[in-house]
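Chains as they are written, first to last, in numbering that gives the first Met the number 0: chain A, 0 to 264; chain B, 0 to 264; chain C, 0 to 264.
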Amino acid sequence: MLKPSGIITLTTDFGNNDYFVGAVKGVILRINPEARIVDITHTIEPGNMKQAAFTLLNSVFEFPPGTIHYCVVDPGVGSARKPLLAVTEQYYLVAPDNGLIFPLIADTAYRSYEIKPLNQEVQTVSQTFHGRDIFAPAAAEISIGFDYESVYPEYPNIVKYEIPKPRMQGHSVYGEIIHVDRFGNLVTNLRLKELTGFKNPVLELGGHTITDLTGFFQSGKGDEPFMYHGSSGHLEIAVKNKSARDMLGVETGEEIVLRSKNDGR
Amino acid sequence: MLKPSGIITLTTDFGNNDYFVGAVKGVILRINPEARIVDITHTIEPGNMKQAAFTLLNSVFEFPPGTIHYCVVDPGVGSARKPLLAVTEQYYLVAPDNGLIFPLIADTAYRSYEIKPLNQEVQTVSQTFHGRDIFAPAAAEISIGFDYESVYPEYPNIVKYEIPKPRMQGHSVYGEIIHVDRFGNLVTNLRLKELTGFKNPVLELGGHTITDLTGFFQSGKGDEPFMYHGSSGHLEIAVKNKSARDMLGVETGEEIVLRSKNDGR
Amino acid sequence: MLKPSGIITLTTDFGNNDYFVGAVKGVILRINPEARIVDITHTIEPGNMKQAAFTLLNSVFEFPPGTIHYCVVDPGVGSARKPLLAVTEQYYLVAPDNGLIFPLIADTAYRSYEIKPLNQEVQTVSQTFHGRDIFAPAAAEISIGFDYESVYPEYPNIVKYEIPKPRMQGHSVYGEIIHVDRFGNLVTNLRLKELTGFKNPVLELGGHTITDLTGFFQSGKGDEPFMYHGSSGHLEIAVKNKSARDMLGVETGEEIVLRSKNDGR
Numbered sequence: 000m001l002k003p004s005g006i007i008t009l010t011t012d013f014g015n016n017d018y019f020v021g022a023v024k025g026v027i028l029r030i031n032p033e034a035r036i037v038d039i040t041h042t043i044e045p046g047n048m049k050q051a052a053f054t055l056l057n058s059v060f061e062f063p064p065g066t067i068h069y070c071v072v073d074p075g076v077g078s079a080r081k082p083l084l085a086v087t088e089q090y091y092l093v094a095p096d097n098g099l100i101f102p103l104i105a106d107t108a109y110r111s112y113e114i115k116p117l118n119q120e121v122q123t124v125s126q127t128f129h130g131r132d133i134f135a136p137a138a139a140e141i142s143i144g145f146d147y148e149s150v151y152p153e154y155p156n157i158v159k160y161e162i163p164k165p166r167m168q169g170h171s172v173y174g175e176i177i178h179v180d181r182f183g184n185l186v187t188n189l190r191l192k193e194l195t196g197f198k199n200p201v202l203e204l205g206g207h208t209i210t211d212l213t214g215f216f217q218s219g220k221g222d223e224p225f226m227y228h229g230s231s232g233h234l235e236i237a238v239k240n241k242s243a244r245d246m247l248g249v250e251t252g253e254e255i256v257l258r259s260k261n262d263g264r
Numbered sequence: 000m001l002k003p004s005g006i007i008t009l010t011t012d013f014g015n016n017d018y019f020v021g022a023v024k025g026v027i028l029r030i031n032p033e034a035r036i037v038d039i040t041h042t043i044e045p046g047n048m049k050q051a052a053f054t055l056l057n058s059v060f061e062f063p064p065g066t067i068h069y070c071v072v073d074p075g076v077g078s079a080r081k082p083l084l085a086v087t088e089q090y091y092l093v094a095p096d097n098g099l100i101f102p103l104i105a106d107t108a109y110r111s112y113e114i115k116p117l118n119q120e121v122q123t124v125s126q127t128f129h130g131r132d133i134f135a136p137a138a139a140e141i142s143i144g145f146d147y148e149s150v151y152p153e154y155p156n157i158v159k160y161e162i163p164k165p166r167m168q169g170h171s172v173y174g175e176i177i178h179v180d181r182f183g184n185l186v187t188n189l190r191l192k193e194l195t196g197f198k199n200p201v202l203e204l205g206g207h208t209i210t211d212l213t214g215f216f217q218s219g220k221g222d223e224p225f226m227y228h229g230s231s232g233h234l235e236i237a238v239k240n241k242s243a244r245d246m247l248g249v250e251t252g253e254e255i256v257l258r259s260k261n262d263g264r
Numbered sequence: 000m001l002k003p004s005g006i007i008t009l010t011t012d013f014g015n016n017d018y019f020v021g022a023v024k025g026v027i028l029r030i031n032p033e034a035r036i037v038d039i040t041h042t043i044e045p046g047n048m049k050q051a052a053f054t055l056l057n058s059v060f061e062f063p064p065g066t067i068h069y070c071v072v073d074p075g076v077g078s079a080r081k082p083l084l085a086v087t088e089q090y091y092l093v094a095p096d097n098g099l100i101f102p103l104i105a106d107t108a109y110r111s112y113e114i115k116p117l118n119q120e121v122q123t124v125s126q127t128f129h130g131r132d133i134f135a136p137a138a139a140e141i142s143i144g145f146d147y148e149s150v151y152p153e154y155p156n157i158v159k160y161e162i163p164k165p166r167m168q169g170h171s172v173y174g175e176i177i178h179v180d181r182f183g184n185l186v187t188n189l190r191l192k193e194l195t196g197f198k199n200p201v202l203e204l205g206g207h208t209i210t211d212l213t214g215f216f217q218s219g220k221g222d223e224p225f226m227y228h229g230s231s232g233h234l235e236i237a238v239k240n241k242s243a244r245d246m247l248g249v250e251t252g253e254e255i256v257l258r259s260k261n262d263g264r
């Protein structure tokens, strides 16, 4: 059985300016003063599932086994959606049942449970801040070895969500920009391991045609956009020392088309 | 006597982009390498006492007993205002004596002291960064059991500050928006526990009249603003999946009037 | 020999919104689950060496001996620049060899090494995120006592970088604004300890002449800009309760001239 490591990561859309994150940390430390809380990010765009799933996919798996990942992007707070605990061989995931953590467990074995607030931990559960009143106590309880299996009912039919997948049409692959990072680099939903058959790739987006494929940023030429193998395992687009977003005038959601140079359109 | 928990929270207006927070953490860890430092927020608007007090009121009380709360919003740094330690049954509060922490202790027993910098900890005290030179060493010393009672003189006449309170006039309550959160929800200074006598409440602000009162966000209708019981214990105003601030065109400080539906104006 | 304290600070230009910081923390904790990670800042402007060096100079030295400082501002990631470990009597510095950490070690004894990724820690090293794939494992390994001296080759010829120094011309000192802090205060590159000979200093910048020199913010007069002894050890310029940047219309890089009142120009 998985042993909690005492590490609890936080990924939310609560922002860094409000009392929300402070209150969550306080609740966790009141229950487990030895918890080691690690901020992943609190600035997921409000309710943006795609961005949240992408962020989680690229950070959660780096942590040691037994880490508890608190993932709260929760536009349906207060409604009938259940609070969820999913346990894999490696991690505990505490999240609303709105699909948020599904991409993290889609390819692995897991058991899922409905979180039931313990009476002694919260006097009243607000209808607007389950992050503080339900998810934080649950994460903290699990970190001190709470026997969730005998208290939380199993809840196997969880909501499923997938980051949009590219589709093949003829010899072309149609995808989209799913993330723009701080440097203005564009992350596509094309996974590198699925592109090994492409020779001399040509990428089109926002009226631009990109043919350069390079290994790293400094090998880009002038202000020309280029493709590269992103650290997220996806095909990405950058401009050397500049923001590709600004240079190309594109945003998250922009369609991209990838084909091989010698194929007709 | 209160035993320090080893947890030190930080609430400041230092921002996240400067060296300020890093320097404070370094000073704390130099004195107590085992301190567990928890960021509440560093983006209180410069000098905004109302926002700082609201943030502290909604996070400080979640933490375990013995937590040291470092609260530094300090427009008067370098002037004659004293550096302050307040000790309640639950917490240590380290702050400038400008009223900042008064709302946290107004309803409880406390003792207050003037912080006196210890010679061995700081070589020179700057006149512009007491957060690093006075408050950080004090918080760290207290966290390792420093006998403040025999070194810091008692200082009972601290500066008092209160978040503006609503006032009754006839059958109406006049209040204001004291905070706008990341989601654009508007927090009023009307405390829910003081509103139990209101039947069929009608709220007016910025030329809008709001009559819907609901339990949670998803039950809001279309783009109609609604009132709800906020997680801060205050009456709040939201628009479903939108920013009430943007939809209503109001900001912090905007006056609100609450009355019961059947009362005349 | 320097003993690692278990504390690892992070100073980067990764931003707080992406998965970058979360991934770095995960890698560190996977190797050393007991590491105490301390964020200094992640919002250095992309590639801004001057700002990064200034931030590091004002925070690194506050930390206890044995702290590992992870400093990654790295426009040349993927190119031939080496990953660097520098060890002083007090600290471990893990950084790209692009001059970033040179100001921290310029005045002290140090040994420098080329970091060699250990096979067991990373399966593949990306060409765009050495922060995760090279620097994070190195910092974590060192924190658990890894014998770097027998694995990393010595690498003495590191890249040198200096924050621009002021120059004397006649009786005047020509310098520049090297940083604007959150409050809009302007930090110059004039170090206070080098200005002791100046009587009645007069400062010119952006068409303004400043003659007031004061100890702290509240003693400023009205909207008049004034000089003061900054907590960074530099001469700084502020306006009471306002942003000197906005009031004076100047930015980082603006030239300043300092002279004594009685000297001609």
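Note that CB positions come from ideal geometry on N, CA and C, so glycine has one too.
7 Å Cβ shell around residue i - same chain, five flanking residues per side excluded
i, result
"Val249 (chain B)", "Ile176, Leu185, Leu204, Gly205"
"Asn15 (chain A)", "His41, Thr42"
"Asp222 (chain A)", "Val238, Lys241, Met246"
"Ile162 (chain A)", "Lys49, Ala52, Phe53, Pro102, Ile177, Asn188"
Residue i versus residue j: straight-line alpha-carbon distance, rounded
i, j, result
"Lys260 (chain C)", "Leu234 (chain C)", "17 Å"
"Val23 (chain A)", "Pro116 (chain A)", "15 Å"
"Leu194 (chain B)", "Val238 (chain B)", "21 Å"
"Gly144 (chain A)", "Cys70 (chain A)", "19 Å"
"Arg264 (chain B)", "Lys164 (chain B)", "Confidence is the limiting factor: at Arg264 (chain B) the pLDDT is only 47, short of 50, which leaves the residue's position unreliable, though a coordinate-based value still follows. About 21 Å."
"Val37 (chain A)", "Thr208 (chain B)", "43 Å"
"Pro200 (chain C)", "Arg244 (chain C)", "20 Å"
"Ala94 (chain B)", "Tyr90 (chain C)", "31 Å"
"Asp180 (chain C)", "Ile157 (chain A)", "47 Å"
"Asn31 (chain A)", "Thr8 (chain B)", "16 Å"
"Phe182 (chain C)", "Ile39 (chain B)", "20 Å"
"Leu103 (chain A)", "Ser142 (chain A)", "20 Å"
"His228 (chain A)", "Lys220 (chain B)", "45 Å"
"Ala137 (chain A)", "Met0 (chain A)", "18 Å"
Beta-carbon proximity list for residue i, same chain, < 8 Å, skipping 5 on both sides
i, result
"Tyr154 (chain A)", "Lys81, Leu83, Asp96, Ser111, Tyr112, Glu113"
"Asp211 (chain C)", "Gly219, Lys220, Glu223, Pro224, Phe225, Met226"
Proximity to residue i [Cα-Cα], best of the options
i, options, result
"Phe128 (chain C)", "C:Lys2, C:Asp17, C:Lys159", "C:Asp17"
"Lys159 (chain C)", "C:Ile36, C:Val150, C:Ala135, C:Ala85", "C:Ala85"
"Gly98 (chain B)", "B:Gly219, B:Ser125, B:Lys49", "B:Lys49"
"Gln168 (chain C)", "C:Pro45, C:Val256, C:Phe134", "C:Val256"
"Thr54 (chain A)", "A:Phe134, A:Ile236, A:Phe101", "A:Phe101"
"Asp132 (chain C)", "C:Pro152, C:Pro3, C:Val20, C:Ile67", "C:Val20"
"Ala108 (chain A)", "A:Ile27, A:Ile162, A:Thr87", "A:Thr87"
"Arg35 (chain C)", "A:Val26, A:Gly5, A:Thr10, A:Phe13", "A:Gly5"
"Ala135 (chain B)", "C:Asp146, C:Phe62, C:Glu161, C:Thr213", "C:Phe62"
"Asp12 (chain A)", "A:Ala52, A:Gly25, A:Gln126, A:Val172", "A:Ala52"
"Leu191 (chain C)", "C:Met226, C:Glu254, C:His170", "C:Met226"
Identity of the residues DSSP links to residue i by a beta bridge
i, result
"Pro200 (chain A)", "A:Ser259"
"Gln168 (chain A)", "A:Ser171"
"Lys241 (chain C)", "C:Val238"
"Thr187 (chain B)", "B:Ile176"
"Val158 (chain A)", "Per DSSP, none; premise fails for Val158 (chain A)."
"Leu265 (chain B)", "Examination of residue 265 (chain B) is not possible in this model, given that chain B is present from 0 through 264 alone."
"Thr8 (chain B)", "B:Val37, B:His68"
"His129 (chain B)", "DSSP output for His129 (chain B) lists no bridge partner at all."
"Leu84 (chain A)", "A:Val93, A:Tyr112"
Cβ-heavy atom distance, residue i to the ligand ADP, below 7 Å
i, result
"Gly5 (chain B)", "The ligand ADP is not part of the structure shown, which contains no ligands of any sort."
Sequence-distant residues of its chain with Cβ nearer than 6 Å to residue i (five each side left out)
i, result
"Lys198 (chain B)", "Ser259"
Go through the segment 86-127 of chain A residue by residue and report every complete run of the beta strand (DSSP E) that reaches 3 residues or more, in order.
-> As far as the segment 86-127 of chain A is concerned, its whole beta strand (DSSP E) runs of at least 3 residues are 91-95, 109-113.
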